[in-house]
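Q:
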């Protein structure tokens, strides 16, 4: 199936406009006259149209794929792999997660009553992901949304409303202090223990990986 016949930009409720009337997020669905046969069609189209998809992502800030035949975690992993982006190991992150398959992890395993505010993924480590993929396999009966926001617009509004605070952040930066238990705390959305944070049960190895990640920042205290 020719890739250029597959993707169609559509609109959905609650999209926002930003900058030069760009829609956030951009939303793609199969074109009406195209019968998408299987996951292979989607993978083929992504590989063929990657430059255009990346350009759309760069302009809009986020792309939502709606109505494609991707129904399992392995199929989602195939879609992620089709983009060909370099994988960033989940080392140093704060959220307790389980590797489902390939590059696919659970998003967060804290109880559903725990609120997770807007944040930059792994902002506390020097090397953070440039792109994120989200996928819902089973829609929850209540809650479970993943709200997204454009950071540069938040920054612009903060600079107008709190100029002195933003100036201090830009001048001095920000230091995070975290206390990590030995094991994960399933009651907290940022409850990852040092064993899973640094992917080791050996404290000396954890300290070495901390230094690799955070040097020359303040140290690892045990």
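Numbering (this note's numbering), first residue to last: 411 to 632.
The C-beta atom is built at its ideal place from N, Cα and C for all residues, glycine as well.
(1) Using the beta-carbon count (16 or more within 10 Å), is residue 557 buried or exposed?
(2) Using 8 Å as the cut-off, can you tell me whether the stretch 502-518 makes contact with the stretch 460-480, which would need three or more C-beta pairs spanning the two stretches below that distance?
(3) Please say whether residue 538 and residue 547 have beta carbons closer to each other than 8 Å?
(4) How is residue 555 classed by DSSP in three states: helix, strand or coil?
(5) Using the Cα positions of residue 520 and residue 473, report the straight-line distance between them to the nearest angstrom.
(6) Using three-state DSSP, classify residue 428 as helix, strand or coil.
(7) For residue 427, which residues in the same chain have their Cβ closer than 8 Å to its Cβ, ignoring the five residues on either side in sequence?
(8) Should residue 437 be labelled buried (16 or more other beta-carbon atoms within 10 Å of its own) or exposed?
(9) Using only the alpha-carbon positions, how far apart do residue 483 and residue 458 sit?
(10) For the beta strand (DSSP E) that residue 538 lies in, which residues bound it at each end?
(11) List the DSSP bridge partners of residue 420.
A: The answer reads as follows:
(1) Reading the chain shown from its first residue, position 147 is the one you call residue 557. Exposed: under 16 other Cβ atoms inside 10 Å.
(2) Output reads no: the stretch 460-480 does not touch the stretch 502-518.
(3) In the chain shown, residue 547 corresponds to position 137, counting from 1. In the chain shown, residue 538 corresponds to position 128, counting from 1. No, Cβ-Cβ distance for residue 547 and residue 538 is not below 8 Å.
(4) The residue labelled residue 555 in the question sits at position 145 within the chain shown. In the three-state DSSP reduction, residue 555 falls in the coil class, being neither helix nor strand.
(5) Position 110 of the chain shown, counted from the start, is the residue given in the question as residue 520. Position 63 of the chain shown, counted from the start, is the residue given in the question as residue 473. Their Cα atoms are separated by approximately 26 Å.
(6) For the purposes of this step, residue 428 is taken as residue 18 along the chain shown, with counting starting at 1. Three-state result, residue 428: strand.
(7) Against the chain shown, residue 427 aligns to sequence position 17. Take residue 427, set aside five residues on each side of it, and the residues of its chain with a beta-carbon closer than 8 Å to its own are 433, 434, in chain order.
(8) As a working mapping, residue 437 is identified with position 27 in the chain shown. It is buried - the Cβ of residue 437 has at least 16 other Cβ atoms within 10 Å.
(9) The residue given as residue 483 occupies position 73 in the chain shown. The residue given as residue 458 occupies position 48 in the chain shown. Going from the Cα of residue 483 to the Cα of residue 458 covers about 22 Å.
(10) Looking up residue 538 in the chain shown gives position 128. First-last for residue 538: undefined, no H or E at that position.
(11) In the chain shown, residue 420 corresponds to position 10, counting from 1. Answer is 437, bridged to residue 420.
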